[in-house]
Structure formats: C-alpha cells, structure tokens
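Numbering (my numbering), first residue to last: 149 to 257. Every residue gets a Cβ at the ideal spot worked out from N, C-alpha and C, and that includes glycine. Taking it in order: structure first as structure tokens, then the write-up.
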Amino acid sequence: MVRTALYEAANVLLSRVTRFSALKRWGLEVAKRRGLKRAKVAVARRLAVTLHRMWIDGTTFRFTRSDAAEARACGMRRGTPAGKCGALRAGRVPRAQMLCSPHKEIASR
149 MVRTALYEAA NVLLSRVTRF SALKRWGLEV AKRRGLKRAK VAVARRLAVT LHRMWIDGTT
209 FRFTRSDAAE ARACGMRRGT PAGKCGALRA GRVPRAQMLC SPHKEIASR
C-alpha cells in the first residue's frame, strides 16, 4: 500500500507538478539516462528515504536548496535540539536571532 502511494507520488511529481524542485530535476535526469519507469521507482525510493529521515529527525521538509544550505551551514544534524546549532555555538548568529530558521520551525511546534 505504501509502495503504491510512493510510486504514484513519484509519477505525479515527474509528470504533473509544475513547480521546480531539486527532486524533480534529479528524477528527470534519471529518466533521460535510464528511462521513465526506472526514474519513477528511483524518485519513489528517494521520497521514502526523505520521509523516513523527516520522521526520525522531526524536521520539516525544505523545498528549496537555500533552506537546506542554511540548515547545513548552521550545523543542524539529526536530532540536534533547537538552539544548539553550530552557528550559534560559534558566535556567528547575533544574540537577537537565537535560532536559525529550521530551528525556529522546530521550536515553534
């Protein structure tokens, strides 16, 4: 049942969604190299891994690369508690902005 839903989500992402995403770009590159059927399975697997990681970490989905880059820059890793990001510890974040935006999302829940 989950497998079917993931495959259908990958199918919709590759064929109907018009909004840009890195996942769609990657899936279209795989489709060009290996074919559309294999690309759908690859995107479904990547979706499954992403959803599992979000479930384990408790993080929210970051649609753009800039959001993900900000999270990497702050040092946010799996299970990092809010306020304990690397940018805060290194003093790169002004005291007025105690949390980076991914941590703000976590703390606001």
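Residue burial classification, residue i (beta-carbon count within 10 angstroms, cutoff 16)
| i | result |
| --- | --- |
| K188 | buried |
| A158 | buried |
| A170 | exposed |
| G175 | buried |
| V178 | buried |
| E156 | exposed |
Length of the line joining the Cα atoms of residue i and residue j
| i | j | result |
| --- | --- | --- |
| G183 | W203 | 30 Å |
| R186 | T208 | 27 Å |
| R201 | V191 | 15 Å |
| R151 | R193 | 9 Å |
| V197 | R181 | 22 Å |
| R210 | R173 | 16 Å |
| V160 | F168 | 13 Å |
| V165 | L199 | 19 Å |
| D205 | M149 | 24 Å |
8 Å contact criterion, which residue i and residue j should meet: CB distance rounded
| i | j | result |
| --- | --- | --- |
| L195 | L154 | 6 Å |
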